[in-house]
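K.L.:
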Amino acid sequence: MKFLSIFPLAGFLFIAAALAGRILVLRKKGIRVSSKAAGKPRHLVLLYPFFGALLVVWLSELVRLAFGLTSGFLPDWFTGELSAGILLKILGAVVLVAALIVLMLALLHFHDSLRFGLDEKNQGQLITRGIFSFSRNPFFLSIILYFSGLALLHPSLFFILMALLTVTSIHFFILKEEKFLLKFYGEAYRKYKKKVGRYF
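Just so you know, we're using the numbering used here here: the sequence shown kicks off at 34 and counts up by one.
What follows is the structure in structure tokens.
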């Protein structure tokens with residue numbers, strides 16, 4: 034069972050390393066993967082410290098679980114598990130593994146088109162093959178699967194709320210991104226959108 038406590042942190046480190054590695058490869062090719070900060074709504078920029086603090090607290094919970102620490106930033110009633118069922122934990126571990134597989138396939142099939150943010154001056158080619166022929170958003174799907182798997186593996190109020198927050202935030206961003214992609218790629222994206230589902 035110790036492995037199930039370490040797995041979420043190990044999975045996060047794997048995701049971070051895979052992303053960092055892919056970004057470094059693209060940068061060596063002279064490809065900028067992030068959009069410029071200019072033009073971003075001011076209220077979103079002001080939220081960055083909040084999300085940064087939330088990330089620190091979330092990571093501290095992963096570390097606490099992995100190393101068996103008894104206390105953290107949050108109260109026990111908020112971080113204590115609501116269920117200790119082994120089947121739920123096994124399901125959570127399976128979903129986490131699926132998240133890592135989907136992520137690796139997404140990074141592989143992105144080729145040189147990996148981008149973060151919406152920037153008309155910095156868009157790659159529209160990818161419709163590989164895992165993108167099954168999901169229009171495999172990268173975001175992998176993140177949703179990761180947080181959902183974590184909430185199943187360690188079903189505390191904190192991780193459940195984090196999963197809900199992540200899923201909701203990603204969904205609304207995708208809705209905004211779809212309008213941008215439709216404007217940028219036009220009919221090609223319209224056909225792709227009709228053929229392949231948003232998540233599955």
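Even for Gly, the Cβ is constructed at its ideal location relative to N, Cα and C. Keep in mind that this is a model prediction, so the values were computed, not measured.
1) What ranges does the alpha helix (DSSP H) occupy inside the region 88-128, keeping only unbroken runs of at least 4 residues that lie completely in it?
2) So for alanine 132, helix, strand or coil by DSSP?
3) In the DSSP assignment, find the alpha helix (DSSP H) that holds leucine 178 and state where it starts and stops.
4) Thinking C-alpha only, which one of Phe83, Met137, Glu94 and Leu59 is nearest isoleucine 39?
5) Going by beta-carbon coordinates alone, are alanine 131 and leucine 186 separated by less than 8 Å?
6) Any idea what DSSP makes of serine 68, helix, strand or coil?
7) Could you tell me if alanine 71 is buried or exposed, where buried requires 16 or more neighbouring beta carbons within 10 angstroms of its beta carbon?
8) What's the gap between the Cα of arginine 162 and the Cα of tyrosine 232?
9) Answer with yes or no whether the minimum CB distance from arginine 169 to chain C is below 8 Å.
10) Nearest to proline 188 by alpha carbon, out of Leu115, Leu92, Phe143 and Phe100?
11) Would you mind working out which of Leu197, Asn170 and Ile207 sits nearest glycine 182, comparing C-alpha positions?
12) Assuming lysine 226 and arginine 169 make a contact with CB atoms under 8 Å, what is their CB distance in whole Å?
13) Below 8 Å, can you find three or more Cβ-Cβ pairs linking the region 52-68 to the region 149-159?
14) May I ask you to report which of helix, strand or coil DSSP gives serine 189?
P.N.:
This is what the structure gives:
1) 109-112
2) helix
3) 171-186
4) Glu94
5) no
6) coil
7) The predicted model places alanine 71 with a pLDDT of 47, which falls under 50 and marks its position as unreliable; any figure quoted below should be read in that light. Burial call: exposed.
8) 15 Å
9) Reference to chain C is not applicable here, since this structure consists of a single protein chain.
10) Leu115
11) Leu197
12) 7 Å
13) yes
14) strand
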